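*Asks:* Handing you this structure, nothing more for now.
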Amino acid sequence: MLYLDGKKLEEILSAKDAVNAVKEAFSLYYQGKVTQPQRQVLTIKGNWWGIMPSYTDFSVVVKIVNVINENKNRGLPSVQGIVILMSPDTGEPLAVIDGTILTAIRTASASVLSTELSYGNRIPTLGIIGAGLEAYYHAKIASEYLSISRILITARKSHIELAKKIGADAVDLQTLLKESDVIFSTTSSKEPVVLGKFLKEDFHVSSIGAHTPDAREIDDETIAKAKTYIVDSLQAVSSESGDYIQPQRKGLIKNVIEIGKIITENIKIERPSIFKTVGISAQDNLTAYYAYKLSQTFSK
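Counting from 1, one number per residue, gives the positions in the sequence shown under our numbering.
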């Protein structure tokens, strides 16, 4: 049985492989070829925990993941997790994988994929809101996969340090919103940080936060402007994300479509566009399986 830590995952999973993994995951999910029971969500000591099982004809995966916001004060990533990959044929454990890094990679890859589908590969200005692990991996995978002229980054703190690390410009939130063509929102905020009054007429936003019904990353004005509202799973966002639940009740959301349908049916996206992802087990399953298969190649 393999153990793949974060360093090994980075070595074997290129940005192209990671994006291809989530692309296949969304396609298989839409076609009903991934079985993923609804995740079990727990609140432990006030923090969000999720248990996410899934299986395909070739892989069984269970991920245990949590979001511990106080970890920022401990010098630890807010998201912690572990992934177990097993054979559906023999029942053997095949790999134990660092779920913190795998989650960061597959989430960033989904944002990058949504950008490719809606905006293309050439991005004049990419804005990243947040300065944690997800922000770093969003910048890393986007820079490796897309052609980006300029990256802006903002956060409540630590964004100046991250900007230096990734070669970005540290700016205030209003500047980022006004100047960015594509925005990745990677925060733990419960109040909107993507504000429609500052955005360009044409934009694409990928929001990975606000994964509880009472939390928002995107304000109503942004959602009202969007011509296409893309989701990873309609079932998941309908039960988990305030960025979908609240504006849907107000009748603000137009043209909702799952990203798997866009991929499978080769649908052209009309902008401005939003991609709302709370993360689905299929992403973990295919990314873990890709990493496992690639590790076999690397070991030869």
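Even for Gly, the Cβ is constructed at its ideal location relative to N, Cα and C.
Source: prediction; values computed, not measured.
1) Among the residues of its own chain, which have a CB less than 6 Å from the CB of Q246, if the five just before and after it don't count?
2) Please state if the CB of V182 and the CB of I123 are separated by a distance shorter than 7 Å.
3) Return the first residue and the last residue of the beta strand (DSSP E) that H204 is part of.
4) Report the rounded CA-to-CA distance for I280 versus D220, giving the unit in angstroms.
5) CA-CA distance, V83 and A21?
6) Which full runs of the beta strand (DSSP E) of 3+ residues lie inside the region 31-61, going along the chain?
7) Compare the C-beta of T264 with all C-beta atoms of chain B and state if any pair is closer than 7 Å.
8) Could you tell me whether the Cβ atoms of V65 and G50 are closer together than 7 Å?
9) Might you give, ordered along the chain, the residues of its own chain that have their beta carbon closer than 6 Å to the beta carbon of L294, omitting 5 neighbours on each side?
10) Of the choices S158, S238, N121, whose alpha-carbon is the least far from that of L133?
11) Output needed for I160: all residues of its chain with C-beta closer than 8 Å, excluding positions within five of it in sequence on either side, in chain order.
12) So, with DSSP's three-state summary, where would you put P88?
13) Taking 7 Å as the threshold (C-beta atoms), are G130 and A155 in contact?
14) Starting from the N-terminal side, write out each stretch of the alpha helix (DSSP H) that is 4 residues or longer and does not extend beyond the region 64-118.
15) Helix, strand or coil: how does DSSP classify A313 here?
16) According to the neighbour-count rule (16 or more other Cβ atoms, all chains shown, within 10 Å of its Cβ), is T56 buried or exposed?
17) Would you say T186 and H138 are within 7 Å of each other, going by their C-beta atoms?
18) According to DSSP, E258 sits in a beta bridge with which residue or residues?
19) Quick one: Cα of D243 to Cα of P272, how far?
20) Taking the C-alpha atoms as reference points, what is the distance between S233 and G251?
21) Who does Y3 pair with in a DSSP beta bridge?
22) Using C-beta distances below 7 Å, list every residue in its chain close to K200, excluding the 5 sequence neighbours before and after it, in chain order.
23) Please report how far the alpha carbon of I208 lies from the alpha carbon of L4, in whole angstroms.
24) Could you round the C-beta distance between L85 and A288 to whole angstroms and report it? I think they count as a contact, below 8 Å.
25) Based on the DSSP secondary-structure assignment, which residues constitute the bridge partners of G127?
26) For the structure I just gave you, are there three or more beta carbon pairs, one from the region 102-121 and one from the region 18-34, closer than 8 Å?
27) With a CB to CB cut of under 6 Å and the five nearest residues on each side skipped, what residues in its chain are close to E179?
28) Between Y145, I166, E144, which has its C-alpha nearest I151's C-alpha?
29) Measure the alpha-carbon distance for I267 versus Y229 and round it to whole angstroms.
*Replies:* A quick look at the data gives this:
1) Excluding positions up to five away in sequence, the list is empty.
2) It is a contact, given that the beta carbons lie within the stated cut-off.
3) Per DSSP, H204 belongs to the beta strand (DSSP E) from 204-207.
4) Taking C-alpha positions only, I280 is separated from D220 by approximately 24 Å.
5) Approximately 16 Å between the Cα atoms of the pair.
6) Listed in chain order, the complete beta strand (DSSP E) runs (minimum 3 residues) inside the region 31-61 are 40-44, 47-55.
7) Any reference to chain B falls outside this structure, which holds one protein chain only.
8) Yes, the pair counts as a contact, with Cβ atoms nearer than the cut-off.
9) So the list reads I12, once near-sequence residues are dropped.
10) Per the Cα distances, S158.
11) Same-chain partners within the cutoff: A170.
12) Residue state, collapsed to three classes: coil.
13) Closer than 7 Å, so yes.
14) Correct list: 99-118.
15) Since the first residue shown for the chain is 1 and the last is 300, residue 313 is missing from the structure and cannot be characterised.
16) By the neighbour-count criterion, in which 16 or more other beta carbons inside 10 Å mark a residue as buried, T56 falls on the buried side.
17) Contact: yes.
18) Note: E258 sits in a beta bridge opposite V231.
19) Distance between the alpha carbons of D243 and P272: 16 Å.
20) Cα to Cα, S233 sits roughly 19 Å from G251.
21) The partner list for Y3 (beta bridge, DSSP) reads V96.
22) Within the same chain, K200 has close Cβ partners D181.
23) L4 has its alpha-carbon roughly 24 Å from the corresponding atom of I208.
24) With a Cβ gap of about 5 Å, L85 and A288 count as contacting.
25) Checking the DSSP bridge columns, you'll see G127 partnered with L152, I183.
26) By the criterion of at least three beta-carbon pairs nearer than 8 Å, the region 102-121 is in contact with the region 18-34.
27) The answer, listed in chain order, is T125.
28) When only C-alpha atoms are compared, the closest one is I166.
29) Rounded to whole angstroms, I267 and Y229 show a C-alpha spacing of 13 Å.
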